[in-house]
Structure formats: C-alpha cells, structure tokens
Amino acid sequence: GAGVSQSPSNKVTEKGKDVELRCDPISGHTALYWYRQSLGQGLEFLIYFQGNSAPDKSGLPSDRFSAERTGGSVSTLTIQRTQQEDSAVYLCASSLEPARETQYFGPGTRLLVL
Amino acid sequence: RKEVEQDPGPFNVPEGATVAFNCTYSNSASQSFFWYRQDCRKEPKLLMSVYSSGNEDGRFTAQLNRASQYISLLIRDSKLSDSATYLCVVNRNNNDMRFGAGTRLTVKP
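So the protein lines, in turn, are chains A and B. The first sequence begins at 2 in our numbering and counts up one residue at a time. The second sequence begins at 12 in our numbering and counts up one residue at a time.
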C-alpha cells in the first residue's frame, strides 16, 4: 500500500516568509511524528501526535513553529517568519498502535531559507 | 545530556570485518528499542527491533542491557552495502520515540 508522503519535496523561501509543510501518513496509523535533520546531523524530534492531539510539543524549537493534525490523518507543520537556521530536511513518520510499533518515514521536505 | 547517545563515528572498516556500535539511553522507563539505517540523503528505515533476550537477523545481532541502559548492534562479515548511518531509537512510552544522532559506518574494499 501507499507509504508516508510529504509535500512539497523541496521548498526554497526567503527569510521572513511563512512556510507550510504537509504530511500524509499511512492510512490507519494513529501516531504521527515530525523530525528535523540538518545536513550531516541526526534526527531532532519536533512533535508527535496521537490522533489529533499532541501530547509532547517539547521539541518545537521556538514559537514560530506550530503543527496541527486533523481527522487523525493529514498533518501540517508551519514555520512562521522563517530564518536561515530553519534550513533542514523535515521528516514525517507514522506508526500504528501499540507503543512497540515501528515508524515509517516519508521522503522528507528539503527546506532552504535564503 | 541527550536522551539517546551514540558515538558519531565515522567507523571505517574493511570488507569482511566485524563492527559493533553501542548506544546509551537515559530514560529507565523506556519500553522498546530499535536500530534504524539511514542511507545518504534518504529517509531512515527500520533495520531491526531489539529484544530483551537479544536477537539476530543474518549478519546483524542486537542486544539490550536494561541494567546499564545500553543497546548494541553487531555487524559480522561487513559488506560494502552496509555503509550507512545507523540510528539507535528508544521508545519512551505511548509511541514517543527518540532517535540518537547516528553512527556513520563506511565499509571499504
């Protein structure tokens, strides 16, 4: 079946503009995760959703970052007033319940802030 | 201190070598553990789960030591295609997964 999809695959924006990144998880997966990966670095946890609620937002780097999930499916990550340090690959992953289930990653959105 | 720590490497080994990576985690309530593999400019993919009793999948062996809060991955008879970054993943609870920064492996001819 279809895997996790993300859009856009690449995004170039100017400093100060807002961007919206989209994630479509695997159908039926209740947990959804957002990560950020800078060039040559590991994954930085941003936020995760259980259904439509986000029990843990501790990874969001600043109040310019927000995320929502509707209908227990699609999620959007919004970055307001982008800065150059926001440039990274933003990865989305989803997983089934229960807690031992593994994550399936999307291909990521490569964001470049000029 | 990071919740999940790994030696970033790089580990440069010849084909056929045996190589081992360790990963430590700080949350003693962590429930499940995984190794993921990430190829250059690709998304991470599950390599194997790590079970309390240790488990093996072909040339790969994973072990968990709850008392010392570390997990390990052993790769025997390394192949060129094993070159990648290996990510240690810890599930704290309720699907809250945390990734290590990864250990980079390069297998050379």
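The beta carbon of each residue, even a glycine, is placed where N, CA and C say it ideally should be.
Looking at the secondary structure, which residues open and close the beta strand (DSSP E) in which Pro-62/A lies? Element bounds for Pro-62/A: n/a, residue is neither H nor E.
Should Val-100/B be labelled buried (16 or more other beta-carbon atoms within 10 Å of its own) or exposed? buried
Where Ser-73/B and Lys-18/A are concerned, what is the direct C-alpha to C-alpha distance, given to the nearest angstrom? The residue you asked about is not Ser; residue 73/B is Ala in the sequence shown. When rounded, the distance between both Cα atoms is 45 Å.
Can you tell me whether Asp-88/B is helix, strand or coil according to DSSP? Asp-88/B: coil per DSSP, three-state reduction.
With 7 Å set as the bound, which would you pick, yes or no: does the beta-carbon of Asp-50/B sit closer than that to a beta-carbon of chain A? Among the residues facing chain A, Asp-50/B is not included, as its CB has no counterpart in that chain under 7 Å away.
Bridge partner(s) assigned by DSSP for Val-75/A: In DSSP, Val-75/A forms no bridge with anything.
Whose Cβ in chain B lies nearer than 9 Å to the Cβ of Pro-108/A? Lys-53 and Glu-54
Quick one: does Ala-40/B have its CB under 7 Å from some CB of chain A? Residue contact check for Ala-40/B against chain A: no CB pair falls below 7 Å.
Inter-stretch contact (C-beta, 8 Å, three-pair minimum) for the stretch 69-89 of chain A and the stretch 19-28 of chain B: Because the criterion of three Cβ pairs below 8 Å is not met, the stretch 69-89 of chain A and the stretch 19-28 of chain B do not touch.
Going by C-alpha distance, which of Val-5/A, Ser-6/A, His-30/A and Gly-43/A is nearest Ala-89/A? Checked all of Val-5/A, Ser-6/A, His-30/A and Gly-43/A; the closest Cα to Ala-89/A is Gly-43/A.
Take the Cβ of Phe-110/B as the centre, count every other Cβ of all protein chains shown within 10 Å, and call the residue buried at 16 or more, exposed below. That one is buried.
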